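Sequences listed follow chains W and D, in order.
Under the working numbering, think of the first position of the first sequence as 3, with each following residue one higher.
Under the working numbering, think of the first position of the second sequence as 33, with each following residue one higher.
Each residue gets a CB set at the ideal place from its N, CA and C atoms; glycine is no exception.
Quick caveat: nothing in here was measured; it's all calculated off a predicted structure.
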Amino acid sequence: MAKVLMKGNEAIAEAAIRSGCRHYFGYPITPQTEIAEYMAKRMPKIGGVCLQAESEIAAINMVLGASSAGVRVMTSSSSPGISLKSEGISYMVGSDLPALILNVQRGGPGLGGIQPAQSDYYQATKANGHGDLHLIVLAPNSIQEAADYTSLAFELGDKYRVPVMMLADGALGQMMEPVEFKEVAETALPEKPWATTGTECKRKKNIINSLFIKPDELEVSVNERFDRYAEIEKNETRAEEYMTEDADIVIVSYGITSRICKTAITLARKEGLKVGMVRPITLWPYPSNTLAKVAKTAKEFLVVELNKGQMVDDVKISIECSRPVSFYGRTGGMMPTPEEILEELRKIGGRIE
Amino acid sequence: MWLPEKKITIVCGHYGSGKTNLAVNLALSLSKAGKKTVLVDLDIVNPYFRAADNRRELEENGVRCVLPQFANTNVDVPSLPPQIHSVFVGDEKVIFDVGGDKDGAMALGVYRNAIAKCGYDMIGVCNMYRPLTPTPEETIENLAEIEAQCHLAFTALVNNSNLGEETTPRDIEASFGYADALAEKTNLPLLFTAVSDKVKLSTDRPIFPIRDVTKKIY
């Protein structure tokens with residue numbers, strides 16, 4: 003298919019449709035409302051459902067219901083709305099239900115603001131709901147990746163029976179870039195023998211549930227899920243390495259911020275500073291091995307995010323504190339310029355010489 | 033190069049078709065041609081990437097800006113400033129940058145009587161590389177929804193078909209047939225094809241060299 007020019011939000015919606023998603027449940031919130039608008043325009047034309055629920059809580063429970071019935075389904079929101087969805091997300095994990103949950107992050111805490119942020123990193127990677135749980139968390143840094151990882155999210159969700167979160171931000175949602183879509187044939191969708199599609203009196207009934215009457219049975223269920231998490235960590239960890247081979251300073255950054263960092267790296271290299279970047283693409287599972295490998299040759303790490311340093315500990319743990327890790331970030335909806343990051347790199351460069 | 037002649041030029045069309053970029057370019061061209069110019073940002077739909085991002089350059093070049101009161105802030109309050117009424121009196125040329133689709137056109141409809149009284153051109157900005165307007169028919173459907181919402185009729189079309197920074201001369205040439213068919217089916221004049229100043233295209237067609245003024249993040 004030829005390229006088209008799209009906003010990130012629209013590209014995610016279109017990619018979801020092309021991945022066989024025919025069910026969208028959401029509630030409007032800036033800066034992701036284009037997704038609901040796009041779905042509202044497209045879904046009726048292709049026999050799908052786009053429903054504006056009465057709240058985020060209702061929407062995520064509709065997603066739970068649709069996923070129980072075995073269809074590909076998604077919801078999207080922005081930071082405060084994701085907090086509201088957290089309970090439902092935990093219930094979906096407990097029920098082993100796949101779905102795409104998209105967070106187009108905005109500034110927080112509280113109502114915060116409508117400008118871009120990455121301040122839901124902890125929420126997405128550590129505690130998106132109660133209980134022993136993980137979500138696969140994908141962090142695209144371009145409109146093309148946003149489209150590609152939408153398809154990937156549905157594939158991984160179905161493969162491992164887990165909800166998948168895509169962690170974007172307002173800038174990615176709103177900016178426009180050319181994008182090309184993979185065609186995914188509807189017939190390629192995987193069988194879901196566990197789904198509640200009606201027994202027709204031909205099989206034992208399927209039950210979708212996150213309640214276990216007996217504690218020992220709940221423990222077995224959680225342990226079984228953690229075996230799957232171990233498989234995910236082994237098979238699905240993704241990261242991009244950029245100019246790390248000879249790098250003294252390694253930036254660790256994801257999403258839109260990694261694009262700003264790439265410009266900063268170009269500027270720094272012109273000044274003779276050997277800077278590279280590790281860009282986690284999966285924020286869970288975290289690419290610890292990539293960072294540990296890079297730490298063997300790098301002298302210092304700089305984490306750059308649109309928050310107050312939420313990823314710093316993950317980097318320190320990954321490299322077992324073998325190198326200094328510093329942080330630069332903006333928050334509240336502000337974006338750093340490449341020059342601001344360059345200034346940080348100069349400071350580190352002065353230290354390590 | 034085309035320059036607005038009427039008192040009011042309304043830049044209108046599908047969401048993401050390139051209206052703000054064209055409106056800012058038109059306002060700067062008018063001002064550079066010595067016309068007193070005012071740019072009115074009527075976009076109450078789009079949260080980011082708006083004419084307010086270009087306020088400094090516009091004002092340094094003598095363009096007065098009338099912007100929504102909460103543009104580029106942290107709140108979604110679609111309130112328009114009372115200064116809008118000032119553009120209908122006096123001798124300034126006015127560029128209206130309207131929000132996308134029929135939703136954006138709602139704000140325009142509020143001012144339809146004053147606009148009609150002053151005399152206006154309403155330009156439909158069209159980009160065949162936008163996924164919901166790839167054909168003349170789908171573009172016309174979108175333009176008709178806008179007209180029905182704002183109670184003003186398009187008077188001209190602009191072909192702004194582009195793929196952002198990846199646009200090649202071939203991409204623009206490939207849109208000529210689309211643009212001609214649009215003009216024919218709507219019976220509206222095609223004013224020009226907007227061509228990024230970074231794209232080297234040789235053609236006999238009227239073109240408008242356009243600079244990408246969208247805020248760069250990285």
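Residue 76(W) counts as buried, since at least 16 other C-beta atoms from the protein chains shown sit within 10 angstroms of its C-beta.
Around the Cβ of residue 81(D), a 10 Å sphere holds 16 or more other Cβ atoms; the residue is buried.
The contact set of residue 32(W) on chain D, defined by CB atoms closer than 8 Å, consists of 79 and 108 in chain order. Closer than 7 Å at the C-beta level to chain W, one finds these residues of the region 196 to 217 of chain D: 196 and 198. At a C-beta separation below 8 Å, residue 173(W) has these neighbours in chain D: 80 and 249. Within a 10 Å sphere around the beta-carbon of residue 277(W) sit 16 or more other beta-carbons, which makes this residue buried.
Residue 117(W) is classed as buried because its beta carbon has at least 16 other beta carbons within 10 Å across all chains shown.
Apart from the 5 residues on each side of it in sequence, residue 119(D) sits with its Cβ closer than 7 Å to the Cβ of 70, 72, 98 and 126 in its chain, given in chain order. For residue 286(W), DSSP records a beta bridge to 139(W). Between residue 252(W) and residue 296(W), the C-beta gap is smaller than 8 Å, which places the two residues in contact. Interface residue (Cβ-Cβ distance to chain W less than 8 Å): residue 175(D) is not classified as such. Taking each of 218(D), 244(D) and 166(D) in turn and checking the Cα distance to residue 206(D), the smallest one comes out for 166(D).
Every beta strand (DSSP E) of 3 residues or more that sits fully in the region 171 to 234 of chain D is shown, in chain order, as 188 to 191 and 222 to 228. By the neighbour-count criterion, in which a residue is buried when 16 or more other Cβ atoms sit within 10 angstroms of its Cβ, residue 232(D) is exposed. Residue-level contact by beta carbon holds for residue 7(W) and chain D, with a gap shorter than 8 Å. If only complete runs of 3 or more residues are kept, the region 126 to 200 of chain W shows the beta strand (DSSP E) at 138 to 140, 165 to 171 and 178 to 181, in order along the chain. For residue 275(W), no alpha helix (DSSP H) run applies, since DSSP gives it neither H nor E.
In summary, the residues of the region 142 to 166 of chain D whose CB is separated from some CB of chain W by less than 8 Å are 159, 161, 162, 163, 164 and 166, in the order they occur in the chain. Inclusion of residue 181(W) and residue 336(W) in the CB contact set at 8 Å is not warranted, their separation being larger than that value. Chain-ordered, the chain D residues with CB closer than 8 Å to the CB of residue 43(W) read 164. Note on geometry: alpha-carbon atoms of residue 133(W) and residue 175(W) lie some 30 Å from one another. Under the DSSP definition of a beta bridge, residue 9(W) partners with 178(W). Shown here for residue 283(W): same chain residues with a beta carbon closer than 7 Å to its own, the five before and five after excluded, namely 140, 141, 240, 241 and 242 in chain order.
For residue 48(D), at least one C-beta of chain W is nearer than 8 Å to its own C-beta.
Two segments are said to touch when three or more pairs of C-beta atoms, one from each, lie closer than 8 Å; by this definition the region 192 to 210 of chain D touches the region 227 to 241 of chain D. With respect to residue 75(D), residue 135(D) sits apart: the two C-beta atoms are not nearer than 8 Å.
For residue 57(D), no CB of chain W lies under 8 Å from its own CB, so it is not counted at the interface with that chain. Linking residue 346(W) to residue 317(W) through their CA atoms gives a straight-line distance of about 18 Å.
By the CB criterion at 8 Å, residue 44(D) and residue 147(D) fall outside the cutoff. Pairing residue 46(W) with residue 15(W), the inter-Cα distance amounts to about 14 Å.
In this structure, the alpha-carbon of residue 224(W) lies about 22 Å from that of residue 71(W). Measuring C-alpha to C-alpha distances from residue 20(W) to each of 32(W), 41(W), 88(W) and 33(W) identifies 41(W) as the nearest. Take residue 178(W), set aside five residues on each side of it, and the residues of its chain with a beta-carbon closer than 6 Å to its own are 7 and 9, in chain order.
Counting only Cβ-Cβ distances below 9 Å, residue 261(W) has contacts in chain D at 249 and 250, in chain order.
Looking at the DSSP output, residue 105(W) shares a beta bridge with 79(W) and 169(W). With a cutoff of 8 Å on beta-carbon distance, residue 143(W) and residue 244(W) are scored as not near each other.
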